[in-house]
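Working notes for the structure below.
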Amino acid sequence: MGELSVQHLLGIKYLNKKDIQLIFETADHFKEVINRSIKKVPSLRDITIANIFFENSTRTKLSFELAEKRLSADVINFSASQSSVKKGETLIDTVNNILSMKVDMVVMRHPNPGAGIFLSKHVGASIINAGDGAHEHPTQALLDSYSIREKLGGVEGKNVVIVGDILHSRVALSNIFALKLQGANVKVCGPKTLLPKHIESLGVGVETNLRKALDWCDVANMLRIQNERLDISYFPTTREYTQQFGVNKALLDSLDKEIVIMHPGPINRGVEITSDVADSKQSIILGQVENGVAIRMAVIYLLASKIK
Ligand code: CP
Numbered sequence: 372m373g374e375l376s377v378q379h380l381l382g383i384k385y386l387n388k389k390d391i392q393l394i395f396e397t398a399d400h401f402k403e404v405i406n407r408s409i410k411k412v413p414s415l416r417d418i419t420i421a422n423i424f425f426e427n428s429t430r431t432k433l434s435f436e437l438a439e440k441r442l443s444a445d446v447i448n449f450s451a452s453q454s455s456v457k458k459g460e461t462l463i464d465t466v467n468n469i470l471s472m473k474v475d476m477v478v479m480r481h482p483n484p485g486a487g488i489f490l491s492k493h494v495g496a497s498i499i500n501a502g503d504g505a506h507e508h509p510t511q512a513l514l515d516s517y518s519i520r521e522k523l524g525g526v527e528g529k530n531v532v533i534v535g536d537i538l539h540s541r542v543a544l545s546n547i548f549a550l551k552l553q554g555a556n557v558k559v560c561g562p563k564t565l566l567p568k569h570i571e572s573l574g575v576g577v578e579t580n581l582r583k584a585l586d587w588c589d590v591a592n593m594l595r596i597q598n599e600r601l602d603i604s605y606f607p608t609t610r611e612y613t614q615q616f617g618v619n620k621a622l623l624d625s626l627d628k629e630i631v632i633m634h635p636g637p638i639n640r641g642v643e644i645t646s647d648v649a650d651s652k653q654s655i656i657l658g659q660v661e662n663g664v665a666i667r668m669a670v671i672y673l674l675a676s677k678i679k
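If you're matching positions, the sequence shown starts at 372 in the numbering used here and goes up one per residue.
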């Protein structure tokens, strides 16, 4: 088996195409493992991993913890809201204290863009970025591409549109990097106010008409409006956003092909997609969550093999 070109997973920006292929091939193996009656392998019995979350999470946190346990790693969980961060302890002091308990790897979600990159330069452990502000969410992009590969047989040459709040979305940026590396055609679609200036420089097309975007695509990745990151109003009302950029069943059924619907979660049902779309047979949303465990097992396993 090959090895990754990186010591940390800080962003898709730092990976190459071979890294992604290796992660997918390793995830194929682990996906088979987690569908057995005994869903566990002894691979990482000698590794201890700390999951440190400074922001809320359901999918990513549980999926990392499950991935670590299925690899037989020892796991500790740290929630900033119940920690001495509340007493003023710095990020580096916090992590160095955790590492002095003989921890080998840190999975971190943090509200500040670049927090994982900063940490990787100051502490002696392998760092996995589980989402840093509006910057990157690399394991989400990996599981998204892996799910497209599984559903459509590959990513190269596929037309993928990412719809919604591109400006504040770490999922969008990581997906753009991952999809472009694998040769997909990528467009972003949303209100002009939620599309970053110069986004075309990343090699993506821009579309502000949802119907045209859906007519073009094989896959629509629907994003949530990141209300927690909005300091001002970027569109008149939620109802008007939904009218222009929400996908409902009537719109989906009016297309002359069956597109694949994705969403990283959490869904705002009735805003970016209606329930009958989220729960339709065209939706692979829960498949994405399932694949998240295998992808995270693969990433942890491959990074751990570099610190042994
Ligand atoms: N997709 C995702 O990152 O979800 P959580 O915020 O629940 O982890």
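Just so you know, even glycine gets a beta-carbon here, dropped at the ideal spot from N, CA and C.
Checklist line | 8 Å Cβ shell around T609 - same chain, five flanking residues per side excluded | finding: So the qualifying residues of the chain are I596, V642.
Note to self: If the criterion is Cβ atoms closer than 8 Å, does the pair S518 and N662 meet it?
What the structure shows: The answer is yes: Cβ separation under 8 Å.
Notebook entry, point to check: DSSP state of T429, grouped into three classes?
Noted result: T429 sits in coil when the DSSP states are folded into three classes, being neither helix nor strand.
Checklist line | Extent of the continuous alpha helix (DSSP H) to which N468 belongs | finding: Following the DSSP letters along the chain, one finds N468 inside the alpha helix (DSSP H) bounded by residues 462 to 470.
Item checked: Alpha-carbon to alpha-carbon, A675 and L623 -> CA-CA distance, L623 to A675, rounds to 43 Å.
Notebook entry, point to check: DSSP three-state call for N619: helix, strand or coil?
Noted result: Of the three classes helix, strand and coil, the one that applies to N619 here is coil, per DSSP.
Next item on the list: Going by CA-CA distance only, name the one from S434, A501, G554 that's closest to L573.
Entry: Distances from the CA of L573 to each of S434, A501, G554 were compared; the closest alpha carbon is that of G554.
Next item on the list: Select from K410, A591, S491, K440 the residue whose C-alpha is nearest the C-alpha of I656.
Entry: Among K410, A591, S491, K440, the Cα nearest to that of I656 belongs to A591.
Note to self: The alpha helix (DSSP H) that contains H400, what's its start and end?
What the structure shows: From DSSP, the alpha helix (DSSP H) with H400 extends over 388 to 405.
Check: For the beta strand (DSSP E) that contains T419, what are its first and last residues?
Finding: Residues 419 to 424.
Margin query: Given 7 Å as the limit, tell me if T465 has its C-beta closer than that to any heavy atom belonging to the ligand CP.
Written below: Remark: the shortest separation between the CB of T465 and any heavy atom of the ligand CP does not fall under 7 Å.
Margin query: Using C-beta distances below 8 Å, list every residue in its chain close to S443, excluding the 5 sequence neighbours before and after it, in chain order.
Written below: So the qualifying residues of the chain are K411, V412, P413, S414, L415, R416.
Notebook entry, point to check: Just to check, is the beta-carbon of T645 closer than 7 Å to a non-hydrogen atom of the ligand CP?
Noted result: False, no ligand heavy atom lies under 7 Å from that Cβ.
Check: Is P484 near the ligand CP, judged by its Cβ being under 7 Å from some heavy atom?
Finding: No, Cβ of P484 sits at least 7 Å from all heavy atoms of the ligand CP.
Note to self: Using only the alpha-carbon positions, how far apart do R430 and Q659 sit?
What the structure shows: Between R430 and Q659, the C-alpha separation is close to 10 Å.
Note to self: Tell me whether Q511, by its Cβ, gets closer than 7 Å to a heavy atom of the ligand CP.
What the structure shows: Flag set: Cβ of Q511 near the ligand CP.
Note to self: Rounded to the nearest angstrom, what separates I499 and K568 at their Cα positions?
What the structure shows: Taking the straight line joining both Cα atoms gives about 28 Å.
Notebook entry, point to check: According to DSSP, which residues form a beta bridge with N500?
Noted result: In the DSSP output, where bridge partners are listed per residue, N500 has M479.
Margin query: Please list the terminal residues of the continuous alpha helix (DSSP H) segment that includes G576.
Written below: Not the alpha helix (DSSP H): G576 falls in the beta strand (DSSP E), residues 576 to 578.
Checklist line | P562 beta carbon less than 8 Å from that of F606 | finding: Contact: yes.
Notebook entry, point to check: Does DSSP put M668 in a helix, in a strand, or in coil?
Noted result: Residue state, collapsed to three classes: helix.
Notebook entry, point to check: Is the closest heavy atom of the ligand CP to the C-beta of S516 under 7 Å?
Noted result: S516: no, Cβ never under 7 Å from the ligand CP.
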